[in-house]
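Novice: In our numbering, the protein residues as written are -9 to 648.
Cβ atoms here follow ideal geometry from the backbone N, Cα and C, with glycine treated the same way.
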Amino acid sequence: MKPIRYRQVHLDFHTSECVPSVGDKFDKAQFQAALIAGHVNSITVFSKCHHGWAYHPSTANEIHPKLNGFDLLGAELEACREIDVNAPVYLSAGLDEKYARRHPEHCLKGSPSGGPDFLNGAHYHGLCYNTPYMDVLAAQIEEVMARYNPTGIFLDISAPRVCYCQYCLESMREKGMDPHDPAQVREHGMMVYAEYCRRCEEAVRKYNPDTTIFHNAGNITRGRRDHAGFDTHLELESLPTGGWGYDHFPMSAAYSRTLDMEFLGMTGKFHTTWGEFGGFKHPNALRYEAALSIAEGAKCSIGDQLHPTGEMNLSTYNLIGKAYAEVEAKEPYVTGARHITDIAVLSAEAFTANPDRNCPYDVGACRILLEGKYLFHLVDQYEDLMPYKLLILPDVVRIDDALAAKLNAYLAAGGKILCSGESGLKADADEFALPLGVEYEGKNAFCPNYMVPEYDAVNGKTAYVMYQPARNVKAVGGTVEALLEESYFNRAPEHFCSHQHTPNDPGADRPGAILTANTGYIAWNLFHDYAEKGSYHLKELALHMIAALLDRPSVKTNLPDRGIVTYTHQADENRYVAHLLFAHTTKRGNGIEVIEDIIPLYGISLTAAVPTAPKRVYKAEYQDGRIVETALSYTYENGYVHIAVDKVDLHAMVIIDG
-9 MKPIRYRQVH
1 LDFHTSECVP
11 SVGDKFDKAQ
21 FQAALIAGHV
31 NSITVFSKCH
41 HGWAYHPSTA
51 NEIHPKLNGF
61 DLLGAELEAC
71 REIDVNAPVY
81 LSAGLDEKYA
91 RRHPEHCLKG
101 SPSGGPDFLN
111 GAHYHGLCYN
121 TPYMDVLAAQ
131 IEEVMARYNP
141 TGIFLDISAP
151 RVCYCQYCLE
161 SMREKGMDPH
171 DPAQVREHGM
181 MVYAEYCRRC
191 EEAVRKYNPD
201 TTIFHNAGNI
211 TRGRRDHAGF
221 DTHLELESLP
231 TGGWGYDHFP
241 MSAAYSRTLD
251 MEFLGMTGKF
261 HTTWGEFGGF
271 KHPNALRYEA
281 ALSIAEGAKC
291 SIGDQLHPTG
301 EMNLSTYNLI
311 GKAYAEVEAK
321 EPYVTGARHI
331 TDIAVLSAEA
341 FTANPDRNCP
351 YDVGACRILL
361 EGKYLFHLVD
371 QYEDLMPYKL
381 LILPDVVRID
391 DALAAKLNAY
401 LAAGGKILCS
411 GESGLKADAD
421 EFALPLGVEY
431 EGKNAFCPNY
441 MVPEYDAVNG
451 KTAYVMYQPA
461 RNVKAVGGTV
471 EALLEESYFN
481 RAPEHFCSHQ
491 HTPNDPGADR
501 PGAILTANTG
511 YIAWNLFHDY
521 AEKGSYHLKE
531 LALHMIAALL
541 DRPSVKTNLP
551 DRGIVTYTHQ
561 ADENRYVAHL
571 LFAHTTKRGN
581 GIEVIEDIIP
591 LYGISLTAAV
601 PTAPKRVYKA
611 EYQDGRIVET
621 ALSYTYENGY
631 VHIAVDKVDL
641 HAMVIIDG
């Protein structure tokens, strides 16, 4: 199977039958000119959209009534072949509005009393893969493979679903499962999804063993390696202005890197999200997002939506070209690169029954590590922990016997562990499964309560409010780094104080953070708190504990909090590459962060671990259509190269030749 390419476009084409004309302005030369202007070398084109129509002659489906028989998909594929552009084919799997309206009995039923509502709201209706619809979808995939033999198949809206339709109820009962038990209903949804994936792969492999397959669900679920195994590669849907935010992609990439699979970072050209006609990002935003993708180990995908007429928007492809021209020039510095990491965060999402792409425990931990300029992976319980220097268990990761054995072996081999909240407790008992220097004494009764640092905090040794719950512990070893101070009382109708919460009751004596030689424990759900509130003292406490536990971090830099650093090794080139990125975001409108102006940074210091003294250190930056290399001054001492980086203008690659 060939590697996926670096510069992809995901060309949405969800087109209603109510639109007056479809495909009448498609022109092969114009289509090709747009791709060339955009420096695009792969584009996902449509067989079937969410509305349910085919964009080619079909016996397994119905061609869009306004195409007048025109084979739009075939014309796009021919145009791509002529200019050596890959063209995976898209089929909407979980949505098919035409079919849903004809067969409402095949729609998802998310609750016993739920079902499709065709009266209120203009929206699509999900379909259940456990119904005869699955046979229809499989036939549609087979038809595309037999007719076009594309390089890839992209199946959208593909995820395990809870469903109480008549087919799922019957299936559960046949399997001896209880439809009244939500856990068993979820498990049945997993089984249905696995069978759907098997059927899809069978339909593809019948015709080509090398066609790529990807099932898109909007997020890569951590801990479900079996689900990732249904894909040949991953596409990390993460539109910063579309609800994902700018720190979702680094978090998703930090997990995907551990799966040993190629992956794309999928953003969009839109100001908001999918389906926005006439919406454009500032070019600097797309430049940053593409640079972030390759710095995090991904290839790139940018979402667009083709106008119903089939005419490509050249303004869009000039915009995309500003980002992809840079990616094309930078590809030699990222191809075959392996990321260097010091810290593993054991994902809380991997331990939850209902995964959430915005899992606050993971979000808070990853956000602190990004802002602290630490190199990390987000890992699940199956990951080999031995390569990591420090393991963080955020807030809610309880430990069963198998995981306890793995973590204690990691500690015995010299690893370090930091736990917070109830993390580290046994799965079946309120006692710690790890030697954290504390004994568990139960939940603290006060929320909010307060943290009093024993270290030199930027705002001094005073009481800092903690909004998430804490645990009472007794220190039995190590040093106390912070104290837990309670409030006078919890806020209630019977007793409350001031506008928000009750002040601290001075005289803290409970341990709130404890360090031993190779472990740390923080009594609060600190990472959840940071995801929700973002108070500086939360990050300050976490970074204090991390700095005490982590020996010889692989990089150090004075980039500001919004800066990003990653560090990679290109073995074939015998060089290390540090990626330094910076762009500030501005809130515009209702919850939308944008990037517009790029502010260069000057006087950046970078310290990077290397095994031997480097032969050459230089900066590689994109300028005026090409990569410009500039020598950097440096010193080498005790396994570290200390580099003075004169300027970082959005994205600088610091190259250390071995």
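The beta strand (DSSP E) spanning E475 covers which residue range?
Specialist: Along the sequence shown, one-based indexing puts residue 475 at 485. Looking at the DSSP string, the run of the beta strand (DSSP E) that includes E475 is T469 to E475.
Novice: With G293 as the anchor, note down where its beta strand (DSSP E) starts and where it stops.
Specialist: Within the sequence shown, the letter at position 303 stands for residue 293. Counting along the chain, the beta strand (DSSP E) containing G293 begins and ends at K289 to Q295.
Novice: Can you round the beta-carbon distance between L365 and S242 to whole angstroms, since I take them to be within the 8 angstroms contact cut?
Specialist: Taking the first residue of the sequence shown as 1, we reach residue 365 at position 375. Taking the first residue of the sequence shown as 1, we reach residue 242 at position 252. So it is not a contact: roughly 16 angstroms between Cβ atoms.
Novice: At 3 residues or longer, and completely inside the stretch 443 to 467: list those beta strand (DSSP E) runs for me, N to C.
Specialist: DSSP runs (the beta strand (DSSP E)) wholly in the stretch 443 to 467: 454 to 456 and 461 to 465.
Novice: What does DSSP give as the partner residue(s) for L649 in the beta ladder?
Specialist: In this structure the chain extends from -9 to 648, so residue 649 is not present and cannot be described.
Novice: Please give me, in chain order, every unbroken run of the beta strand (DSSP E) with length at least 3 that falls completely inside the stretch 504 to 579.
Specialist: Entirely contained in the stretch 504 to 579, the beta strand (DSSP E) runs reaching 3 residues are, in chain order, 509 to 512, 545 to 547, 554 to 560, 565 to 571 and 576 to 578.
Novice: Roughly how many angstroms lie between the CA atoms of L408 and P459, to the nearest whole one?
Specialist: Within the sequence shown, numbered from 1, the residue matching residue 408 stands at position 418. Within the sequence shown, numbered from 1, the residue matching residue 459 stands at position 469. Distance between the alpha carbons of L408 and P459: 18 angstroms.
Novice: At the level of alpha carbons, what is the spacing between V194 and W43?
Specialist: For the purposes of this step, residue 194 is identified with residue 204 of the sequence shown, where counting begins at 1. For the purposes of this step, residue 43 is identified with residue 53 of the sequence shown, where counting begins at 1. For V194 and W43, the distance between alpha carbons rounds to 20 angstroms.
Novice: Would you check if the distance between the CB atom of K406 and the CB atom of T509 is smaller than 9 angstroms?
Specialist: In the sequence shown, residue 406 corresponds to position 416, counting from 1. In the sequence shown, residue 509 corresponds to position 519, counting from 1. Contact flag set, yes.
Novice: In this structure, does DSSP put Q613 in helix, strand or coil?
Specialist: Here residue 613 is taken as the residue at index 623 of the sequence shown, counted from 1. Correct three-state label for Q613: strand.
Novice: Since L67 and A77 should fall inside the 8 angstroms C-beta cutoff, what is the C-beta to C-beta distance between them, to a whole number of angstroms?
Specialist: Translated into the one-based positions of the sequence shown, residue 67 becomes position 77. Translated into the one-based positions of the sequence shown, residue 77 becomes position 87. With 8 angstroms as the limit, L67 and A77 qualify as a contact, their Cβ atoms being about 5 angstroms apart.
Novice: Looking at C-beta atoms only, is the number of pairs between the stretch 144 to 157 and the stretch 172 to 182 that lie closer than 8 angstroms three or more?
Specialist: Taking 8 angstroms as the limit for Cβ pairs, the verdict is that the stretch 172 to 182 does touch the stretch 144 to 157.
Novice: When the distance is taken between beta carbons, is L393 closer than 9 angstroms to A355?
Specialist: Within the sequence shown, numbered from 1, the residue matching residue 355 stands at position 365. Within the sequence shown, numbered from 1, the residue matching residue 393 stands at position 403. Against a cut-off of 9 angstroms, the Cβ pair of L393 and A355 comes out as no contact.
Novice: Between N480, I645 and V428, which lies nearest to I504 when the distance is taken from Cα to Cα?
Specialist: Sequence index remark: in the sequence shown, residue 504 carries index 514 (1-based). Cα-wise, what sits closest to I504 is V428.
Novice: In angstroms with no decimal places, state the Cα-to-Cα distance between Y624 and H41.
Specialist: By one-based count along the sequence shown, residue 624 stands at place 634. By one-based count along the sequence shown, residue 41 stands at place 51. Whole-angstrom Cα-Cα distance: 58 angstroms.
Novice: Counting C-beta neighbours from all protein chains within 10 Å, is the total for L109 16 or more, i.e. buried, or is it exposed?
Specialist: Taking the first residue of the sequence shown as position 1, residue 109 is located at position 119. Exposed, since its Cβ has fewer than 16 Cβ neighbours within 10 Å.
Novice: Going by the DSSP bridge assignment, what does K637 pair with across the sheet?
Specialist: Along the sequence shown, read from residue 1 onward, the residue named residue 637 stands at position 647. Paired residues: Y592.
Novice: Are the stretch 563 to 580 and the stretch 477 to 496 touching by the rule of at least three beta carbon pairs closer than 8 angstroms?
Specialist: Not touching, per the Cβ criterion.
Novice: Please list, in chain order, all residues of the same chain as A507 whose beta carbon is under 6 angstroms from its beta carbon, the five residues on each side excluded.
Specialist: If you number the sequence shown from 1, residue 507 lands on position 517. The answer is none, since no qualifying residue turns up.
Novice: Excluding sequence positions up to five away, which residues of its chain have a Cβ less than 7 angstroms from the Cβ of N439?
Specialist: The residue labelled residue 439 in the question sits at position 449 within the sequence shown. Taken in chain order, the residues that qualify are M456, A460, L474, E475, E476 and S477.
Novice: Between the alpha carbons of E72 and F21, how many angstroms are there, rounded?
Specialist: Locating residue 72 in the sequence shown gives position 82, counting from the first residue. Locating residue 21 in the sequence shown gives position 31, counting from the first residue. Their Cα atoms are separated by approximately 11 angstroms.
Novice: Nearest CA to the CA of Y351: which residue from I382, P169 and E361?
Specialist: The sequence position of residue 351 within the sequence shown is 361, counting from 1. Of the candidates I382, P169 and E361, the one whose C-alpha sits nearest the C-alpha of Y351 is I382.
Novice: Ignoring anything shorter than 3 residues, give me the beta strand (DSSP E) runs that lie fully in the stretch 99 to 160, in order along the chain.
Specialist: Correct list: 142 to 146.
Novice: Considering only the beta carbon of each residue, do T49 and I143 sit closer than 9 angstroms?
Specialist: Along the sequence shown, read from residue 1 onward, the residue named residue 49 stands at position 59. Along the sequence shown, read from residue 1 onward, the residue named residue 143 stands at position 153. No, the pair does not count as a contact, with Cβ atoms beyond the cut-off.
Novice: Rounded to whole angstroms, what's the CA-CA distance from A649 to P483? Just pull it up for me.
Specialist: Residue 649 is absent from the structure shown; the chain starts at -9 and stops at 648.
Novice: In terms of residues, what are the limits of the alpha helix (DSSP H) holding E87?
Specialist: Stepping through the sequence shown from its first residue, residue 87 is reached at position 97. Note, E87: alpha helix (DSSP H), E87 to R92.
Novice: Which residues does DSSP list as the beta-bridge partners of G13?
Specialist: Locating residue 13 in the sequence shown gives position 23, counting from the first residue. G13 is not bridged to any residue.
Novice: If you reduce the DSSP assignment to three classes, tell me which class A327 lands in.
Specialist: Residue mapping note: residue 327 aligns to position 337 of the sequence shown, counting from 1. Looking at A327 - three-state DSSP - the assignment turns out to be coil, as it is neither helix nor strand.
Novice: Between P(-7), I645, I(-6) and K(-8), which lies nearest to K320 when the distance is taken from Cα to Cα?
Specialist: For the purposes of this step, residue 320 is taken as residue 330 along the sequence shown, with counting starting at 1. The candidate whose alpha carbon is nearest that of K320 is I645.
Novice: Between the C-alpha atoms of T121 and G404, what's the straight-line distance to the nearest angstrom?
Specialist: The sequence position of residue 121 within the sequence shown is 131, counting from 1. The sequence position of residue 404 within the sequence shown is 414, counting from 1. So the two alpha carbons sit approximately 52 angstroms from each other.
Novice: Report all residues from its chain with a CB closer than 6 angstroms to the CB of I512; omit the five preceding and five following residues, and keep chain order.
Specialist: Here residue 512 is taken as the residue at index 522 of the sequence shown, counted from 1. Excluding positions up to five away in sequence, the list reads S410 and A503.
Novice: Exposed or buried, which one is N308 when buried takes at least 16 other CB atoms within 10 Å?
Specialist: Numbered from 1 along the sequence shown, position 318 holds the residue referred to as residue 308. It is exposed - the Cβ of N308 has fewer than 16 other Cβ atoms within 10 Å.
Novice: Pick helix, strand or coil for S413, following the three-state DSSP scheme.
Specialist: On the sequence shown, residue 413 is found 423 positions in, with the first residue counted as 1. It is coil, neither helix nor strand.
Novice: When the Cα of I284 is compared with those of M256, E301, K451 and A521, which residue comes out closest?
Specialist: Taking the sequence shown and counting its residues from 1, the one referred to as residue 284 is at position 294. Taking only the C-alpha atoms, the option nearest I284 is M256.
Novice: Can you name, in chain order, every residue of its own chain whose Cβ lies under 6 angstroms from the Cβ of V30, other than the five neighbours on each side?
Specialist: Reading the sequence shown from its first residue, position 40 is the one you call residue 30. The residues are R(-3) and V(-1).
Novice: In three-state terms, what does DSSP make of Q(-2)?
Specialist: Position 8 of the sequence shown, counted from the start, is the residue given in the question as residue -2. Reduced to three states, the DSSP call for Q(-2) is strand.
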